[in-house]
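In the numbering used here, the protein residues as written are 14 to 402.
Cβ coordinates follow ideal geometry from the N, Cα and C atoms, glycine included.
Below is one structure, written out as structure tokens; comments come after it.
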Amino acid sequence: MADFKERKPRAFDEIRTLEDIIEMLKTQFHNRKLNIKYSIDRIEARVNEYLEDNTVMLVTDQEYAPEDTITVYGLLDKYFEIDMKVVETRGPGYFQCRIVSMRKASRGRRDLRFKVGPEKVIATNFKISKHTIDITNFTIPTSIKVIIEQFQSQQSRLADIFKVDVFQPGDTIIERVKKTQKTVYIHDFSNPDSLAPENENFIDLRDFLGDEGELYLKKGIERGYKSLIISPVTYITQSEQPIPFAYIQAISKKEPLTIEKVLEIKELGFALMDRIRDANTLMVPVHQQIVDISLGGAKLLLTDENLKKYIIHSKGFVFDIVFKLQAPITIYGDIKFTFNDSAGNMYVGVDFAGNSSRKDEMKRFYSIIRPMEVEYKSRLIKEMKQKNR
14 MADFKERKPR AFDEIRTLED IIEMLKTQFH NRKLNIKYSI DRIEARVNEY LEDNTVMLVT
74 DQEYAPEDTI TVYGLLDKYF EIDMKVVETR GPGYFQCRIV SMRKASRGRR DLRFKVGPEK
134 VIATNFKISK HTIDITNFTI PTSIKVIIEQ FQSQQSRLAD IFKVDVFQPG DTIIERVKKT
194 QKTVYIHDFS NPDSLAPENE NFIDLRDFLG DEGELYLKKG IERGYKSLII SPVTYITQSE
254 QPIPFAYIQA ISKKEPLTIE KVLEIKELGF ALMDRIRDAN TLMVPVHQQI VDISLGGAKL
314 LLTDENLKKY IIHSKGFVFD IVFKLQAPIT IYGDIKFTFN DSAGNMYVGV DFAGNSSRKD
374 EMKRFYSIIR PMEVEYKSRL IKEMKQKNR
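Put into structure tokens, the structure is as follows:
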């Protein structure tokens, strides 16, 4: 049985009465076909009879075998869906249905979507995060924790107390570092002027601590502290979204830590992030089919087991779109839905939410896809004219 999971449902409104729905079908879909939702090959359907008890007769492919409900969709000024309950199966592909509800999208579809074949375009070079880093529960995967522990051990010589840890609630200064993504730097605990920030990239401890600033310095001196650096480590996701998940803390008990030491620790934070990202990224260089595409998204057919294993738990992924006789275009796909059919294939719908750092990548993508869109529209209009003759 097929398994459809919608990650980001559409926004719907304008729920209509049964009479409105039937009138719309009679007047605006008399000679137009609907489509059945959750069908891979875009199965078409049409209403060919309206019965006195307000049920309808729905005709579709003879091979189509629904359970107890059918959802059809179409396009007027906006996308809409109609839920129907199967009252009786009258024959192969012929169902008596009762209309349950109708939903209309709050906004129109952004771009025209059209089918493409593997001879024109393919998807390849998938980069997927093995684990989703979730800062809400203050935990990280074991594999990433091992990297952090190794990094802490390797860099422990940098200060008398050197610590790398994920953000935890409880310490107000640590929480401030997480919130602002700025650095704490106290050059000398014996000098109150050290609470002043070097520039806007540092937390102003005078303002943040207020009257408690002197007490904070005093407690540091009692612990034997001479100087302190707390620098955030920000994880950058595949979609280029920053996630503040860890910090580096260096404490000297002998001599002041210099601003050069601050810059060194910041650079180490970038290096740590790169190590974590590399370890957390799976590269799958297989070719997979793009079923349909638009200026804003695509539907992919995935058969590779590694891809299916990780994508089902992922929010999105980076991949290359390769048009015939063109260089690859690297882009980020934000997953909108996944669909597993009975044959074990996975269909994934993605929005193009980002692109690679290569100059003019999206401009090049649009220059290729727009002529294809125009060609598809022309062919569609021609086919509709021929049907109406």
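Could you spell out where the beta strand (DSSP E) holding residue i opens and where it closes?
i, result
"residue 139", "134-142"
"residue 208", "Residue 208 -> no beta strand (DSSP E), and no H or E assigned at all."
"residue 84", "82-88"
"residue 103", "92-104"
"residue 260", "255-265"
"residue 302", "301-306"
"residue 336", "329-336"
Just tell me which of the options has its CA closest to the CA of residue i.
i, options, result
"residue 199", "183, 177, 275", "275"
"residue 231", "203, 363, 213, 244", "203"
"residue 110", "364, 136, 138, 79", "79"
"residue 385", "185, 306, 352, 278", "306"
"residue 161", "70, 37, 248", "248"
"residue 299", "313, 317, 285", "317"
"residue 363", "388, 376, 334, 381", "334"
"residue 380", "88, 132, 336, 106", "336"
"residue 105", "70, 255, 225", "70"
"residue 47", "284, 64, 94", "94"
"residue 113", "33, 390, 88", "33"
For residue i, does the count of other Cβ atoms within 10 angstroms reach 16, so buried, or fall short, so exposed?
i, result
"residue 182", "exposed"
"residue 311", "buried"
"residue 245", "buried"
"residue 404", "The structure shown does not extend to residue 404, since the chain is modelled only from 14 to 402, so the question has no answer here."
"residue 136", "buried"
"residue 145", "exposed"
"residue 392", "exposed"
"residue 103", "exposed"
"residue 139", "buried"
Under three-state DSSP, which class holds residue i?
i, result
"residue 30", "coil"
"residue 107", "strand"
"residue 68", "strand"
"residue 202", "coil"
"residue 220", "helix"
"residue 378", "helix"
"residue 129", "coil"
"residue 63", "strand"
"residue 38", "helix"
"residue 389", "helix"
When the cut-off is 8 angstroms and only beta carbons count, does residue i lie next to chain C?
i, result
"residue 61", "In the displayed structure, chain C is absent; only one protein chain is listed."
Need the endpoints of the alpha helix (DSSP H) that residue i sits in, please.
i, result
"residue 419", "The question about residue 419 has no answer here: the residues shown for the chain are numbered 14 through 402."
"residue 279", "272-292"
"residue 9", "Because the chain here runs from 14 to 402, residue 9 falls outside it and cannot be looked at."
"residue 158", "155-167"
"residue 229", "226-235"
"residue 324", "318-324"
**Q.** the stretch 165-181 contacting the stretch 325-332, beta-carbon criterion three pairs below 8 angstroms
**A.** As far as the Cβ criterion goes, the stretch 165-181 does not touch the stretch 325-332, which means the pair count is below three.
Q: Decide yes or no for the touch test of the stretch 225-239 against the stretch 260-276: beta carbon pairs closer than 8 angstroms, at least 3 of them.
A: Judged by Cβ distances under 8 angstroms, the stretch 225-239 makes contact with the stretch 260-276, as three or more pairs qualify.
Q: Evaluate the contact criterion for the stretch 309-325 versus the stretch 187-201: three or more CB pairs, one atom per stretch, below 8 angstroms.
A: Contact check between the stretch 309-325 and the stretch 187-201: fewer than three CB pairs, one atom from each, fall below 8 angstroms, which does not count as touching.
Q | Cβ contact check for the stretch 286-305 and the stretch 337-348: 3 or more pairs under 8 angstroms | A | Flag = no, the stretch 286-305 and the stretch 337-348 do not touch.
Q) Can we say the stretch 58-69 touches the stretch 42-49, given the rule of at least three CB pairs closer than 8 angstroms? A) Verdict: yes, contact present.
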